[in-house]
Structure formats: structure tokens, C-alpha cells
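Below is one structure, written out as C-alpha cells; comments come after it.
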Amino acid sequence: MAIGEAGPRSARSGSQSKRLEETMRGRLGRECVYVPSCRFGLFVALRHWCPPGGRVLMSPVNDDVIFFVVLAAGLRPVQAPLNPFDGSIDIDAVPEGTWGSLSAVLTTNLYGNPDPAPELRARCDALGIPLLEDGAHAIGSEVGGRPVGAWGEASVFSLSKHAGAQAGGMLALADPSLAEAMRAGCDELLAPPRAASELAYALRPYAEAAVRGLGLRRAAWAALGLLGLTERDGIRMPLRPNALAEAAGAAPDLTAHDPWVRVDMHTYRLRSGPLRLRRIRRRLGRLDEVLQACRDGTELLLSTRWARPGEGSRAQPLFRVPLLVADRDAAIAALARRGIVVGYLYDPPLDDYAGKAFTDPSPAPEAARWFARHALPVDPLRAGEAVDALERSGVRPAEPPEDLTRPGTPADEPGTSADGAGAGP
Ligand SMILES: Cc1ncc(COP(=O)(O)O)c(C=O)c1O
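Counting from 1, one number per residue, gives the positions in the sequence shown under full-length UniProt numbering.
Structure (C-alpha cells):
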């Protein structure tokens, strides 16, 4: 990674971000570097560990923003086969030939369900390639007796999620001696803080509370749409393949990919000011309480008929609990009537969304398609209300097609999923 002069960082912000780093170091037992967002930290990590043109195994059921971060880093996404019930990487279904072509493996730990990190670690060690962990959804989750984020050369976290700070991220490192180089690498890419953005951040919770209090959520969303301020008209953002191909020609280049990477968070590479850092610290201070509440809600949701049997015995403090429902749109509508908004949907999978021009497709795409189509990610902090709403609306559990429940599912052509749910463009 090209590393330039350290950018300006005020003493106050510097000491606040240090305190955040110490808090996360305490949780993970790893050296941490504060970053303004998870996606920014991931870009820095990919640039450091992967040579341009390298191939990265990743999950196709993931935020499209992360896909664009991989492209921005000048890398080729290689979509992994998934476990149809929790969206984790199905390590045994990755073809042998694929392993040898990879420069890195990137986990997702979708909704907080860990990918099989110990097995992936062993594979990566055997191949001499790095394991990078996206822990955005998985602060507090564990796998193989360690926290998610303590297996890879680097891991990234989003403080917008469990901590609910709507800003901030953390880059955690296996090798503490890399921290200063990472900080310098970040400094080179960060944009200076903007007073207007800090103010907007400070006012946002009050504005949101007012919209909620007045029952104006739907009207506010429609108004944003009319003003052209929403960048998604469906679950996935418009791909704009011609413009994306042009940006890819400049990769590795974060700025060229800004229009895709910044979606849902235009401040993703903005240096955090003291106000933002103070609020993040307050939120992070309450994280254990939130995680306990998430664990309780997760246990309740996993005890319902929409969860896979046996799931409840290994409850993590999930960020969202992916219930598997037959008719997801009806379930979303049932929750919406109670004021529960369902987000974090990743349908269709990235290979169906972006196509072969931008990614290697999964060799066994059906499981990812089925999961992406039927997963209803429910906020465990609203578990009781959600269960009640789903019960009253008669929402039915999804029945997995038989060929997904048998090991060794054959690969299908894209767009031919068993339940007709192939959602490719
Ligand atoms: C799996 C996953 N990783 C990373 C991110 C990006 O996190 P951030 O918004 O902090 O950049 C998201 C955003 O929702 C996500 O869902």
C-alpha cells in the first residue's frame, strides 16, 4: 500500500479515537485502529494484504457496498457457495481448483452467524493467503472459542450496527506492529471533517425521533425519494454497469468507486470529529447491555417455528435473526404494520446481481438464492412484538427444497432456482 504523510488529526479527536481503540482492544485482545466506517477499514485492509488483480472468496449474500469495496481495491470477487440455513460459507462446496486461485478469503458473519473461521484459517494457512474478517454484524459473536474478528490477519467492525452509533468502525490487527502503517494508510485516504456533517450527525437522532413521534416515517421516506436523496429503488442499488466498468479501469481507486461505496453512508471516509467520537464512545460504553438484550431476543426468535430446528442451542447475540419464511413480502408487511422496519436484505445474491463481467459466480448458487429469498432478518431487540405480528398474520415457515437439504447439491445454471425464485436481473 502506498503510504503518505499523516493527515491532520486534532489532539482532542486523537485521544478520543485512542480510547475507542482501547475499548475494542479489550474486547478482542487485538491491536485496533479507529476508522470512520467498516467499509473504509476493509478497503485499507484489502489494499494492504492483496495484490491488485487478486481474487477474493466472499459471500454472495452480502451488502452490495462490500462488493464495490472489493472492486475498488482492484480485486476480483469470487462468490462462495453458502449454507442455505444461515448464509455462512460452505467450505466443503468450494471447488479445489478455486482455493489455489485465491489471494484472500473474506468472511461476512452474516447477521452475526459466524462463518467457519477455524476451518477457513487452516485453509488460508495451508495456502499462505490472508483471512480477512468482516465483523460488521458480529461484535459479540464467537466461533471456535474466540470472538469473531480474532481469527484473521485483519478484521473490521461497524460501530453503526450493534453499537448503534450510525458512524465509526474499527480495524483490528493480528500483528500489532502494523498499526502505525495502517493509521498512516488511513490518513492518506481520509477526507477532512466537515462542520456541516458533524452538525447533521448531532441533530440526526432528534430529527429521527420527531419523524417517529409524528408517525411520519413513510411520508419522510417518500419526500426523500422525491428529492432524489435515496440511492436504492429496490434492495440492491442500481449497478450502472457501463460506469462501473469505467471505474474498474482505474482500480485500485477508492475515489473512482465513491458513487457505489458511499451508498447509505456518504460520510464513510470522512475523518470523525469530536462530536461523533464522543457519541460513539457513549454508545460503545453500553454495548454489553445491548448484546445481552440481543442474546435474549435471539433466543426467543430461534425458539419459533420460523427458525431452523436446533438453532436455539447455539444462540449468539445476533444483530438480526434470519427467520426463514415462505412469503417474505407478506412477513415484511406484517412487521411494517407494527412499525418494525426490515432492513439488511441482500437479495438477489451478488453473482445474480452483478453478473460474470464483475464477479466469478458461485459454483452452487441455489442455496444462496434460497436463503436470500426467504431470510427475514428480524431485530432481536423487538423480538416479542415481531413474533406476535408474524403469528397474527399467519406467516408460514419456508420449506427448503429437498436438494438443498442433501449434501453435494449439484450446481445449477443461474436463474433456475428450484422454487422459481432466481432473482437475477
Ligand atoms: C455485512 C456488512 N459489512 C459491512 C458493512 C458496512 O459497514 P459500514 O456502514 O460501517 O461501512 C455493512 C453495512 O451494512 C454490512 O452489512
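Note that beta-carbon positions come from the ideal geometry of N, C-alpha and C, so glycine has one too.
Contained beta strand (DSSP E) runs [length at least 3] in the stretch 282-359, N- to C-terminal order: 321-324
Considering only their Cβ atoms, is the gap separating residue 325 from residue 301 smaller than 7 Å? no
Problem set entry | Burial state of residue 257, where buried means 16 or more other Cβ atoms lie within 10 Å | buried
**Asked** Just reading off the beta strand (DSSP E) that residue 155 is part of, what are its end residues?
**Response** 154-158
ask   = Rounded to whole angstroms, how far is the Cβ of residue 30 from the Cβ of residue 173, which I believe are closer than 8 Å?
value = 6 Å
Checklist entry - Looking at C-beta atoms only, is the number of pairs between the stretch 265-281 and the stretch 50-62 that lie closer than 8 Å three or more? => result no
Inset, instruction - Could you name the residues of the same chain whose beta carbon sits closer than 6 Å to that of residue 353, not counting the 5 residues immediately before and after it, in chain order? - result: 236
### Of the residues 361, 65, 120, the one placed nearest residue 92, counting alpha carbons only
120
Practice prompt. In the DSSP assignment, find the unbroken alpha helix (DSSP H) run with residue 366 in it and report its ends.
Written response: 366-374
> First and last residue of the alpha helix (DSSP H) that includes residue 31?
Replying inline: Here residue 31 belongs to no alpha helix (DSSP H); instead the beta strand (DSSP E) covers 31-35.
Discussion item. By the DSSP assignment, the beta strand (DSSP E) with residue 134 in it spans what residues?
Written reply: 131-134
Check your understanding: Among residues of its own chain, excluding the 5 on either side of residue 204, which ones have a beta-carbon nearer than 8 Å to its beta-carbon?
Key -> 166
Query - Which residues DSSP lists as bridging residue 172, in chain order - result: 32, 155
Answer with buried or exposed for residue 143, where buried requires no fewer than 16 other C-beta atoms within 10 angstroms of its C-beta.
buried
Practice item. Identify whether residue 89 lies in helix, strand or coil by the three-state DSSP scheme. Key: strand
| Is residue 163 near ligand 1, in the sense that its beta carbon is under 6 Å from a heavy atom of that ligand? | no
Secondary structure of residue 56, DSSP reduced to three states: strand
**Prompt:** Just the Cα atoms here: how many angstroms apart are residue 360 and residue 67?
**Reply:** 12 Å
* Cβ of residue 299 within 7 Å of Cβ of residue 263? -> no
>> With DSSP as the reference, identify every bridge partner of residue 377, one or two as the case may be.
In response: 322
Among 86, 141, 115, whose alpha-carbon lies nearest the alpha-carbon of residue 132? 115
field: Boundaries (first-last residue) of the beta strand (DSSP E) holding residue 104
entry: 104-107
Item to complete: Would you mind stating whether residue 20 and residue 281 have Cβ atoms separated by less than 7 Å?
Response: yes
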